[in-house]
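Worksheet: one structure, shown below.
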Amino acid sequence: MKVTNEKEEMKTLVAVSNKLQQDGFTENFVIDERGMHSMNSKKRYSPENVRIVSFFRFEGDSDPADNSIMYAIETSDGVKGSIADAYGHYADTRVTKFMTEVEAIMKKGHHEPYASE
29 MKVTNEKEEM KTLVAVSNKL QQDGFTENFV IDERGMHSMN SKKRYSPENV
79 RIVSFFRFEG DSDPADNSIM YAIETSDGVK GSIADAYGHY ADTRVTKFMT
129 EVEAIMKKGH HEPYASE
């Protein structure tokens with residue numbers, strides 16, 4: 029029987045994605061010039077309706093182009109999912125801008141839909 033450390037297993041984007049799926053973060057989100065939307069329902073969300081539950085950064089061993097980030101997200105209507113992006117020089121500016129707005133709102137304490145947590 030092989031005993032593994034969960035932290036060691038969570039070192040790749042694929043491993044984190046699989047773990048998030050197991051934890052109920054099943055929706056795939058996309059951010060475009062009009063905001064974030066669900067790939068399945070096509071429902072749109074503004075930064076005020078999104079909470080970053082967690083995020084995971086991955087750094088390539090030799091190539092900065094391999095740097096990426098995975099966000100675990102919950103929306104105000106209870107949809108849980110994720111979105112991945114590069115970070116640094118190769119980041120999608122739309123994703124960076126949207127997530128920065130979400131983080132700013134969370135820091136100000138304007139995330140009432142999550143007050144019960």
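For reference, each letter of the sequence shown is one residue, going 29 to 145 in this note's numbering.
Think of the CB as a built atom: it goes at the ideal place given N, C-alpha and C, for glycine as much as any other residue.
Alpha carbon to alpha carbon, how far is residue j from residue i? Give it in angstroms, no decimals.
i       : j       : result
Ile-133 : Val-78  : 9 Å
Val-123 : Ile-59  : 6 Å
Asn-68  : Lys-136 : 30 Å
Ser-82  : Lys-70  : 23 Å
Phe-84  : Arg-72  : 24 Å
Lys-125 : Gly-63  : 10 Å
Thr-128 : Ala-114 : 14 Å
Am I right that residue i and residue j are in contact with their C-beta atoms under 8 Å? What's the rounded C-beta distance?
i       : j      : result
Ser-110 : Ser-45 : 7 Å
Val-107 : Ser-66 : 6 Å
Could you check where the alpha helix (DSSP H) with residue i kicks off and where it finishes?
i       : result
Asn-68  : Per DSSP, Asn-68 belongs to no alpha helix (DSSP H) and is neither H nor E.
Asn-56  : Careful: Asn-56 lies outside any alpha helix (DSSP H), inside the beta strand (DSSP E) at 55–60.
Glu-129 : 121–136
In chain order, what residues of the same chain have a beta carbon less than 8 Å from the beta carbon of residue i, not counting five sequence neighbours either side?
i       : result
Ala-112 : Leu-41, Ser-45, Ser-96, Ile-97, Met-98 and Tyr-99
Asn-56  : Ser-66, Met-67, Asn-68, Gly-109, Ser-110 and Ile-111
Lys-39  : Phe-86
Excluding the 5 residues preceding and the 5 following residue i in the sequence, name in chain order all residues of the same chain whose CB lies nearer than 7 Å to its CB.
i      : result
Glu-61 : Arg-122
Ser-74 : Gly-63
Where do the N-terminal and C-terminal ends of the beta strand (DSSP E) with residue i fall, by residue?
i       : result
Lys-47  : First-last for Lys-47: 41–50, but that is the alpha helix (DSSP H), not the beta strand (DSSP E).
Val-234 : Outside the shown range of the chain, which is 29 to 145, sits residue 234, and nothing can be said about it.
Gly-109 : 108–114
Tyr-99  : 96–103
Could you pull out every residue in the same chain whose Cβ sits closer than 6 Å to the Cβ of residue i, ignoring the five residues on either side in sequence?
i       : result
Glu-36  : Summary for Glu-36: the model assigns pLDDT 46, below 50, so the residue's position carries little reliability, and this model does not support an answer.
Glu-102 : Arg-79, Val-81 and Lys-108
Leu-48  : Ala-100 and Ser-110
Does the stretch 39–57 come into contact with the stretch 113–129, if we say contact requires no fewer than three beta-carbon pairs (one atom in each stretch) closer than 8 Å? Short answer: they don't touch.
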